[in-house]
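Reviewing the structure listed below.
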Amino acid sequence: MSADHATPVSAQGLQAIGAPVSGVEPQKDAGRSRTARRTGVILLGLIVPALILLAWHLSTASGFFRPSQLPSPASVLAAAVDLAQRGQLAPHILISTQRVVLGFVIGSLLGVLAGALLGLSRLADVLLTPTVGALRAVPSLAWVPLLVLWIGINEDSKVTLISIGAFFPVFTTLYLGLRHVDRNLVEAARAFGLGGLRLLTTVQLPAVVPALFSGLRLALAQSWLFLVAAELIASSMGLGFLLTDSQQTGRVDRILLAIILLAVIGKTTDALLGIAERWAVRRWA
Amino acid sequence: MTAVLAPGSTQSHRKQALGVRFAGLGRSFGPSTNRRTVLRHVTVDVEPGEILAILGTSGCGKSTLLRAAAGLDIPDTGQVLIDGTPVTGIDERCAVAFQEPRLLPWHTLQANVAIGLPKSSSASAGKAKVLELLKLVGLDTFAKHRPREVSGGMAQRTSLARALARNPGVLLLDEPFGALDALTRIRMQDLLLDIHRAQPTTVLLVTHDVDEALQLADRILVLGRGDARGDTHGDGRRPEGSTVAELLPVPGDRPRDRNSADLGALRSTLLSMLGVTGH
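Sequence lines, in order, name chains A and B. Under the working numbering, the first sequence has 8 at position 22, and the numbering climbs by one with no breaks. Count along the second sequence starting at 1, add 5, and that's the number in the working numbering.
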């Protein structure tokens, strides 16, 4: 939220006040150098994972760890290929992703509604904040027995648990964001006759868009966390199931595979949301 | 520059400059056990079309007075009458420009100025009015820029344009040039006078700058403890809170010579009333 803010006077602006602004050629250069810088950043970020992979490979190849303790990278890859050929890898990944996406979307929507209600209405705030605070204090896994009894061991209970996980980060950031919208801006808008719905859509909601996106990113991370919790406890498919199942059969290679897949998919979804966040911050902040 | 604001060139319901009367205004802040009076018995009549500068030391209640006129603050005692009718809430007849520009960062300058338009204005007339005002404050080429892409002075001009978009009967300016550099401030003062000549609205200008008040105002209202030049209460104590310490006409037509002897004498008087001596 910080670096993008400092955008100085744009090229158009400089042109408008008569300052010399060079034409298309240097702008293309600037674009190319920005791409180059981005590529550089990505490559630098890959150095440490590559080193870890190398150390992993060397420690297994040298016989420092036995394969039953730590399988080699190659055998983890082989486990992946093996699972894929049996047609099991894709279903595990897809069902887990589906649960996360559903739970995340439902939980975030409810979080936005509740956060907006409590953040904007003094009455709802006084009435409901203690209750919501108490619910938030419940460790989320404490809901599992209740969900299993009430909903059963099925998709709904898993998605519900993930929704609970996604709800609170979105609710909290939006609620606090609305409480802390720049009073000066709100007062200025009120002085120009804005109130009610127009004040909400013109000032308050746009002002909290950046906060909302950080809440969504936290919620997505929570969703993956709760996915694994849900699948570890009771499931017959998914990456969490792959973990417990492999633990019982002693397949350390598959455990590592599941962990790596969770890391890669989690990071990918977070990066996608990060792109949306950067756009929103540029647009609204 | 003035042509765009010629009478009848814009909206049909252009409001005349309106008179403002502060009638026995009093306001205190804080919990009931530790109430601090800021204003007491402020009674002033402002003529329609007049520029009244409000001077006073910081914390003396200048802004509170202005906010009462805008309907942003409700006085404890007394009331503000605009054109004879009391202010009861946010008042359509007023427009405010604050010390900070207070622009919406996610909107262009054009959209920010449009916030000031009265509710009744049609979309096309409103857009034309906004573009006119941006031209008036010299920002027509920056209409599509965002506030963070322009300088502080340009943002403050946008804020002024937003206030003017309201066709205000009373223009309330709360130290609008206070945060600007000296050169920009002088340009903004000239701009304000241009605007006032073209559209003679009533202006209440809160400022801490004595020279600004001398340049712009028809009269200067000094807020203070009641009598800044000596004790008239006999017991050596003055009641808490500010009231009208002095209401002085400023001699000469605008633009005024900053170095004239009359203004010099008045400047010394004002400064000593504000507690600064030896200038």
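Cβ coordinates follow ideal geometry from the N, Cα and C atoms, glycine included. What you are looking at is a predicted structure, and each value in this text was computed from that prediction instead of being measured.
| Does the Cβ of A:LYS144 have 16 or more other Cβ atoms within 10 Å, making it buried, or fewer, making it exposed? | The residue is buried, with at least 16 neighbouring Cβ atoms inside 10 Å.
With burial defined as no fewer than 16 other Cβ atoms inside 10 Å of the residue's Cβ, what is the status of A:ALA197: buried or exposed?
-> Per the 10 Å Cβ criterion, buried.
Exercise for the section: Could you pull out every residue in the same chain whose Cβ sits closer than 8 Å to the Cβ of A:ASP168, ignoring the five residues on either side in sequence? Expected result: Result list for A:ASP168: ALA193, in chain order.
Exercise. Would you mind telling me which residues of chain B sit closer than 8 Å to A:GLU263, beta carbon to beta carbon, in chain order?
Key: None at all; the shortest Cβ gap to chain B is about 15 Å.
* Endpoints, beta strand (DSSP E) assigned at B:VAL208 -> Per DSSP, the continuous beta strand (DSSP E) segment holding B:VAL208 begins and ends at 207 to 211.
(message) Between B:GLU251 and B:HIS213, how many whole angstroms is the CB-CB distance? I'm expecting something under 8 Å.
(response) So it is not a contact: roughly 16 Å between Cβ atoms.
- How far does the alpha helix (DSSP H) with A:PRO131 in it reach, from first residue to last? Residues 130 to 137.
Could you check the C-alpha separation between A:ASP68 and A:PHE157 for me, to the nearest Å?
Inter-residue distance for A:ASP68 and A:PHE157 is about 42 Å (C-alpha atoms, whole angstroms).
- Which listed residue (B:SER156, B:GLU52, B:ASP223) has its alpha carbon closest to that of B:PRO1: Within the shown structure, residues of chain B are numbered from 6 to 284, placing residue 1 of chain B beyond reach of any answer.
Does the segment 85 to 94 of chain B touch the segment 57 to 67 of chain B, meaning 3 or more C-beta pairs lie closer than 8 Å?
-> Short answer: they don't touch.
Tell me whether B:VAL101 is buried or exposed, calling it buried when 16 or more other Cβ atoms sit within 10 Å of its Cβ. By the neighbour-count rule (16 or more Cβ atoms within 10 Å), B:VAL101 is buried.
query = With a cut-off of 8 Å, do at least 3 Cβ pairs link the segment 245 to 262 of chain A to the segment 107 to 116 of chain A?
reply = The segment 245 to 262 of chain A makes no contact with the segment 107 to 116 of chain A, as fewer than three CB pairs between them are under 8 Å.
Margin query: To the nearest angstrom, how far is the alpha carbon of A:ARG264 from that of A:SER94?
Written below: A:ARG264 and A:SER94 have their C-alpha atoms spaced approximately 19 Å apart.
In three-state terms, what does DSSP make of B:GLU251?
Strand at B:GLU251.
By the DSSP assignment, the beta strand (DSSP E) with B:HIS46 in it spans what residues? Taken as a continuous stretch (DSSP letters only), the beta strand (DSSP E) holding B:HIS46 covers 41 to 51.
Item to complete: Note down the Cα distance separating A:GLN190 from A:ALA120, rounded to an integer number of angstroms.
Response: If I take the Cα positions, the gap works out to 27 Å.
Does B:ARG192 get closer than 8 Å to chain A when you measure Cβ to Cβ?
No - not a single Cβ of chain A is within 8 Å of the one on B:ARG192.
Below 7 Å on C-beta distance, what does A:GLY179 contact in chain D? Here chain D cannot be found, since the structure's protein chains are A and B.
Delimiting residues of the alpha helix (DSSP H) encompassing B:ARG26: Unbroken run through B:ARG26 is the beta strand (DSSP E), 25 to 34; no alpha helix (DSSP H).
Identify which residue in A:ILE150, A:LEU29, A:ALA65 has its Cα closest to the Cα of A:ALA100. Ranking the options by Cα distance to A:ALA100, first place goes to A:ILE150.
Using a Cβ-Cβ cut-off of less than 9 Å, list which residues of the segment 186 to 197 of chain A approach chain B; keep chain order.
Listed by position along the chain: THR188, VAL189, PRO192, ALA193, VAL195.
Span of the alpha helix (DSSP H), counted from its first residue to its last, around B:GLY157
Annotation for B:GLY157: the continuous alpha helix (DSSP H) segment containing it runs 157 to 169.
With DSSP collapsed to three states, give me the class of A:ASP231. The DSSP-derived three-state label of A:ASP231 is helix.
- Can you name, in chain order, every residue of its own chain whose Cβ lies under 6 Å from the Cβ of B:GLU245, other than the five neighbours on each side? Only THR42 meet the Cβ criterion.
Original post:
Quick one, are the C-beta atoms of A:ARG85 and A:ILE139 less than 8 Å apart?
Top reply: The Cβ-Cβ distance between A:ARG85 and A:ILE139 does not fall below 8 Å.
Q.
If contact is defined by three or more beta carbon pairs under 8 Å, each pair taking one atom from either stretch, is the segment 164 to 179 of chain B in contact with the segment 200 to 213 of chain B?
A. A contact exists between the segment 200 to 213 of chain B and the segment 164 to 179 of chain B.
Report yes or no: do three or more beta-carbon pairs, one from the segment 36 to 46 of chain A and one from the segment 223 to 237 of chain A, lie closer than 8 Å?
No, the segment 36 to 46 of chain A is not in contact with the segment 223 to 237 of chain A.
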